[in-house]
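For reference, the structure discussed in these notes is given below.
Residue numbers (our numbering): 920 to 1197.
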């Protein structure tokens, strides 16, 4: 985070980031394995974790959209190509949270282009409410039905075992709500030996409500520090795009383990502060 934070000081610095955005897309295109993975029946990129590959691709798309919308790059054709090609790669990898993130970012771009002020507010509130409801388990039954009927060969009826993990997590949280059970503890408790696959549940589980408050303070710092509570169009667009990107992944995956998250935080922090006329 701090390497990114202090290395981007002028508009021209974003050209380096754009180069790596292009390079990452080309790399993944040539490395994708069109022989489906025998375990999960999904395409994959060499031996890299499928979900983290998809999360990283969508994170790079988020960064690229920000750079494009603030006129650090100008080609509309390349912008459309980058969006569609990222979607194609993630579609082949079949990571559902990442696909939803892309679609939500596209919806937000439509709102931005047409200046739907009221819809933008409703959209942000809806994302926050749905994300909270899923984290609290209020939509688990509905999600299980959707998983069984609408995700073809990937549909298991329990979100690939997530509903069982979440149920165990709720039980542990009830016994340790303030400071949690310690970072990394859930993997040793869970019979499957995997993370809880919900970023917010994972924070409460491991670090308690204290840890969750610290996380949201750090998150708010991204947006509040520069503007000093003076809400403007740039802040609203960036915040809406960030929510569109991160919520679907956060409530379905182990996003806290992806190093690119901190690169993304650093870019978001600086893009709200960089001097475009430098």
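For every residue, glycine included, the Cβ atom is placed at its ideal position computed from N, Cα and C.
If you draw a straight line from the C-alpha of residue i to the C-alpha of residue j, how long is it?
i: residue 1100; j: residue 948; result: 41 angstroms
i: residue 1001; j: residue 1095; result: 45 angstroms
i: residue 1025; j: residue 1084; result: 31 angstroms
i: residue 1038; j: residue 1023; result: 13 angstroms
i: residue 1139; j: residue 962; result: 37 angstroms
i: residue 1197; j: residue 984; result: Unreliable positioning characterises residue 1197 in this predicted model, as indicated by a pLDDT of 42, which lies under 50. A coordinate reading is not provided.
i: residue 1027; j: residue 1043; result: 9 angstroms
i: residue 942; j: residue 976; result: 11 angstroms
i: residue 972; j: residue 964; result: 8 angstroms
i: residue 906; j: residue 1048; result: Residue 906 lies beyond the range of the chain shown here (920 to 1197); nothing can be said about it.
i: residue 1137; j: residue 1029; result: 29 angstroms
i: residue 1274; j: residue 1054; result: This structure gives no information on residue 1274, because the portion of the chain shown stretches from 920 to 1197.
i: residue 1033; j: residue 1093; result: 45 angstroms
i: residue 1114; j: residue 923; result: 28 angstroms
i: residue 928; j: residue 1152; result: 22 angstroms
Per DSSP, what kind of secondary structure is residue i in: helix, strand or coil?
i: residue 952; result: strand
i: residue 1133; result: helix
i: residue 967; result: coil
Kindly list the residues whose CB is nearer than 8 angstroms to the CB of residue i, restricted to its own chain and excluding five residues on each side of it in sequence; keep chain order.
i: residue 1130; result: 1098, 1099, 1122, 1123
i: residue 1091; result: 1100, 1105, 1108, 1124
i: residue 1010; result: 1018
i: residue 926; result: 932
Whose C-alpha, out of the options, is nearest the C-alpha of residue i?
i: residue 1046; options: 986, 1172, 1161; result: 1161
i: residue 1173; options: 943, 929, 997, 974; result: 974
i: residue 937; options: 1013, 952, 988, 1177; result: 988
i: residue 1051; options: 1171, 1111, 1182, 920; result: 1171
i: residue 1015; options: 1192, 1184, 1164; result: 1164
i: residue 1036; options: 1156, 1166, 1168, 1169; result: 1156
i: residue 993; options: 934, 1005, 950, 1032; result: 934
i: residue 1008; options: 1134, 1154, 969, 920; result: 969
i: residue 1179; options: 1057, 1004, 980, 1110; result: 980
i: residue 1111; options: 1087, 929, 995, 1158; result: 1087
i: residue 1158; options: 1126, 944, 1188; result: 1188
i: residue 1120; options: 1136, 1137, 1102; result: 1102
i: residue 1177; options: 932, 925, 928, 978; result: 978
i: residue 1169; options: 1113, 1118, 1137; result: 1118
i: residue 946; options: 1054, 1152, 967, 1192; result: 967
In its own chain, which residues sit with a C-beta less than 7 angstroms from the C-beta of residue i, not counting the 5 before and 5 after it?
i: residue 982; result: 936, 940, 1183, 1186
i: residue 1116; result: 1081, 1084, 1171, 1172, 1173
i: residue 1058; result: 1052
i: residue 1134; result: 1122
i: residue 952; result: 962, 963, 964, 965
Leaving aside the five residues before and after residue i along the sequence, list all residues of the same chain whose C-beta is less than 6 angstroms from its C-beta, in chain order.
i: residue 997; result: none
i: residue 1190; result: 985
i: residue 1031; result: 1156
i: residue 1181; result: 920
Quick one: measure Cβ to Cβ for residue i and residue j, integer angstroms, because I've assumed they're closer than 8 angstroms.
i: residue 1167; j: residue 1020; result: 5 angstroms
i: residue 930; j: residue 991; result: 6 angstroms
i: residue 1004; j: residue 944; result: 6 angstroms
i: residue 1154; j: residue 1142; result: 6 angstroms
i: residue 1089; j: residue 1127; result: Actually they are not in contact, since the Cβ atoms of residue 1089 and residue 1127 sit about 14 angstroms apart, beyond 8 angstroms.
Flag residue i as yes if its beta-carbon sits less than 7 angstroms from any beta-carbon of chain C, otherwise no.
i: residue 983; result: This model lacks chain C altogether; it includes just one protein chain.
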